[in-house]
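Written below as structure tokens is the structure these notes are about.
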Amino acid sequence: MIDVVIIGCGPVGALAANLLGRAGLSVVVLEKEREHYPLPRAVHLDHEMMRLFQSAGVIERVEADMVATDGHLHIGADHGVIRYMGTVGKPKPFGWSNDYFFYQPELEAHLRAAFADHGAIDLKLGAAFTSLVQDGDRVQVAYDHKGASHSVTARWVIACDGSRSPVRKALGVSLDDLQFEEPWLVVDAEVEGPVSFPALTGVPAGADLQRLSVMMCDPVRPATVVPGRGNHRRWEFMLLPGEDDAVMMQPDNVAALVGAWMKDVPHKIVRAATYRFHGLVAEQWQVGNVFLAGDAAHQTPPFFGQGMCHGLRDVANLAWKMAAIVKDGADVGILGTYQPERDPHVRGVIGAAVAAGRYICELDPPKAAARDMAIRAQAAQKQGETAADLIPAIGAGFIASGTASAGERFIQPLLADGRKLDDLVGDGWRLFVHSASVEGSASGVSRIVGADLPDNGAVSDWLAARSAEAVLVRPDHYVFGTGKAAELLEARAFLLGVALETAA
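Counting along the sequence shown from 1, when you hit position 91 you're at 1131 in the numbering used here, and nothing is skipped either side.
As structure tokens, then:
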């Protein structure tokens, strides 16, 4: 019996395999397609995903193909700025830029190439899931491969098999509809020059329109212009009432929509497809030993580019908990914290995306004008807002509830030699203490003295701001809790269901 079967090898499934394999678990990955999907789908990720790529040992493979950009700009009906979530000139507390754009076929290839570095990962291409049976502490997964029926037995299954998830359907799990559905035409193009924007007012000094995701909240036709890797650009156009999907995907119509932005710039349309932007969340993310992740568990409107990010957070959450059970003897009950941690987190971000989607999709000119005034007033109260601020803390689960900053993402300062914090201290469980005199250590937890770090005092200042002698950080970089080191380690051992062993 292997440890984990992963169904689906898009970016979410591939990251799960790398994290689990690197932790020493045995993994089989079933992917129904024999080749990568050759065209881009997801295009955006954020600093937290780059940090997870560090943890998974794949950052050197993927970083060169990531394009750091400067945030998000929303333009009102009068072609003036109504909301700016930019990062130009702002600090990078997590070590990476807040926004990156990428080309999904490249990312998938890099993640799969890393399997060879990370232990017992068996990728089966052309393997289509057919059914599963759970029996106590094991799951038997049946699949078709090379014209024959096969099965594999594992302790757990992670279903990363997309929005139409056959696994979710096999489990009989329903989706909670958050009452947002709008039809959009998504167009990818290769362009040989800058995008031509209309005359805009109120663009902040230093903001480069070619490096921003620009949301045109225009009641004539809402649209988004998205930067990309190399010469790749994406447009998203809302379909208006009465417009037919098939008609709008016709080459002449697509060319007319994109051409208005390109003027005399040579460009080639590589894909045009219509989508229904949804807000959906699975009612159950865990059924026995089977877990839904990524689009199988939730679907997010794309207005802040968090859809794939949600899925990568999902599998990072599962991976360290599964590794703790297999490698450290932790109680299997810790997996019961998966949905309580991730579901509210996802709903919080979907709520922000749906709220933005509702005002973006406003087609009534007087209402759009009133919207612009209201959002400008709100934006004035949020000076310095970035998309990173949309991500809430974990509210309940495997955290020391009631301690300062529990459930928040922990910082990753740049070091004096140009590296990032995790490059020096590693990942896994980390206990940062403000001085060597602080008592407390545990087997399996790295102890780091903040005063000894070449980080210009960033970690020490973080602790001082919370009046804490220590912070305990989880393997997925979320704060377990702050306070006294010994008490944090005892709380961790209690939740893991293991004895507290002092480090040698």
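Glycine residues also receive a C-beta, built at the ideal position from the N, C-alpha and C atoms.
Could you give the residue range of the alpha helix (DSSP H) that holds residue i?
| i | result |
| --- | --- |
| aspartate 987 | The shown model of the chain, from 1041 to 1544, leaves out residue 987, and the question about it has no answer. |
| lysine 1422 | Premise fails: lysine 1422 is in no alpha helix (DSSP H) and is neither H nor E. |
| aspartate 1368 | 1347-1368 |
| alanine 1444 | Here alanine 1444 belongs to no alpha helix (DSSP H), and DSSP marks it neither H nor E. |
| proline 1432 | Neither: proline 1432 is in no alpha helix (DSSP H) and is coded neither H nor E. |
| lysine 1209 | 1206-1211 |
| glutamate 1530 | 1525-1536 |
| glutamate 1100 | 1099-1102 |
| proline 1051 | 1051-1062 |
| leucine 1297 | 1291-1302 |
| aspartate 1248 | Taken as a continuous stretch (DSSP letters only), aspartate 1248 belongs to no alpha helix (DSSP H), as it is neither H nor E. |
| alanine 1546 | Since the first residue of the chain shown is 1041 and the last is 1544, residue 1546 is not available in this structure. |
| alanine 1154 | That residue, alanine 1154, is in no alpha helix (DSSP H); it is neither H nor E in DSSP. |
| alanine 1286 | 1285-1288 |
If you draw a straight line from the alpha carbon of residue i to that of residue j, how long is it in whole angstroms?
| i | j | result |
| --- | --- | --- |
| cysteine 1257 | glycine 1447 | 34 Å |
| leucine 1240 | arginine 1269 | 25 Å |
| histidine 1087 | proline 1206 | 31 Å |
| proline 1080 | arginine 1274 | 9 Å |
| histidine 1338 | phenylalanine 1317 | 12 Å |
| valine 1260 | glycine 1424 | 29 Å |
| arginine 1152 | histidine 1158 | 10 Å |
| methionine 1413 | isoleucine 1122 | 8 Å |
| aspartate 1043 | leucine 1085 | 29 Å |
| lysine 1524 | valine 1298 | 58 Å |
| glutamate 1100 | alanine 1117 | 43 Å |
| cysteine 1049 | proline 1131 | 34 Å |
| aspartate 1184 | glutamate 1071 | 11 Å |
| glutamine 1379 | proline 1432 | 15 Å |
| alanine 1493 | leucine 1455 | In the sequence on display, residue 1493 carries leucine and not alanine. For leucine 1493 and leucine 1455, the distance between alpha carbons rounds to 8 Å. |
| leucine 1540 | threonine 1170 | 43 Å |
| glutamate 1276 | threonine 1264 | 5 Å |
| aspartate 1218 | leucine 1320 | At residue 1218 the sequence reads leucine, which differs from the aspartate that was named. So the two alpha carbons sit approximately 6 Å from each other. |
| isoleucine 1047 | aspartate 1304 | 45 Å |
| valine 1519 | tryptophan 1469 | 10 Å |
| histidine 1076 | phenylalanine 1155 | 15 Å |
| glycine 1484 | leucine 1060 | 17 Å |
| alanine 1296 | alanine 1210 | 43 Å |
| alanine 1440 | arginine 1311 | 47 Å |
In the DSSP output, which residue or residues are listed as bridge partners for residue i?
| i | result |
| --- | --- |
| tryptophan 1275 | Val1227 and Val1265 |
| tyrosine 1518 | Arg1449 |
| glycine 1111 | Gly1126 |
| alanine 1313 | Val1226 |
| glutamine 1326 | Phe1331 |
| glutamine 1174 | Val1179 |
| tyrosine 1140 | Leu1085 and Ala1108 |
| glutamine 1339 | Leu1320 |
| methionine 1255 | His1114 and Thr1264 |
| serine 1236 | In the DSSP output, where bridge partners are listed per residue, serine 1236 has none listed. |
| isoleucine 1161 | Val1067 |
| lysine 1460 | Leu1454 |
| leucine 1215 | Ala1322 |
| phenylalanine 1134 | None, per the DSSP bridge assignment. |
| valine 1121 | Ile1115 |
| histidine 1307 | Val1231 |
| glutamine 1169 | This sequence places phenylalanine at residue 1169; glutamine is not what is there. DSSP, once it has assigned bridges, lists Tyr1183 as partnering phenylalanine 1169. |
| threonine 1241 | Gly1120 |
| glutamate 1221 | His1318 |
What span of residues does the beta strand (DSSP E) with residue i cover, start to end?
| i | result |
| --- | --- |
| threonine 1184 | Reading off the sequence, residue 1184 comes out as aspartate, not threonine. Per DSSP, aspartate 1184 belongs to the beta strand (DSSP E) from 1178-1185. |
| arginine 1470 | 1469-1473 |
| arginine 1195 | 1188-1199 |
| valine 1044 | 1042-1047 |
Quick one: is the Cβ of residue i within less than 7 Å of any heavy atom of the ligand ATP?
| i | result |
| --- | --- |
| tryptophan 1275 | Questions concerning the ligand ATP fall outside what the structure shown contains, since it holds no ligand whatsoever. |
Please confirm whether residue i has its beta-carbon closer than 8 Å to some beta-carbon of chain C.
| i | result |
| --- | --- |
| histidine 1272 | Protein chains in the displayed structure number just one, and chain C is not present. |
On the three-pair Cβ rule with 8 Å, is the stretch 1520-1529 touching the stretch 1477-1485?
-> yes
Complete runs of the alpha helix (DSSP H) confined to the stretch 1479-1521 [at least 4 residues] = 1498-1505
Taking one C-beta from the stretch 1499-1518 and one from the stretch 1440-1457 each time, how about it: are there three or more such pairs within less than 8 Å?
-> yes
Would you call the stretch 1369-1376 and the stretch 1398-1413 in contact, with 3 or more CB pairs under 8 Å?
-> no
Do the stretch 1190-1203 and the stretch 1222-1239 meet, that is, are 3 or more Cβ pairs less than 8 Å apart?
-> no
Would you say the stretch 1169-1186 touches the stretch 1136-1144, given that touching needs at least three Cβ pairs under 8 Å?
-> no
Give a yes or no on contact between the stretch 1105-1115 and the stretch 1244-1255, applying the rule of three or more CB pairs nearer than 8 Å.
-> yes
Inter-stretch contact (C-beta, 8 Å, three-pair minimum) for the stretch 1319-1336 and the stretch 1350-1359 | yes
Does the stretch 1241-1251 come close enough to the stretch 1382-1396 to have 3 or more Cβ pairs within less than 8 Å?
-> no
contact_flag[the stretch 1220-1233, the stretch 1093-1108] where n(CB pairs < 8 Å) is 3 or more = no
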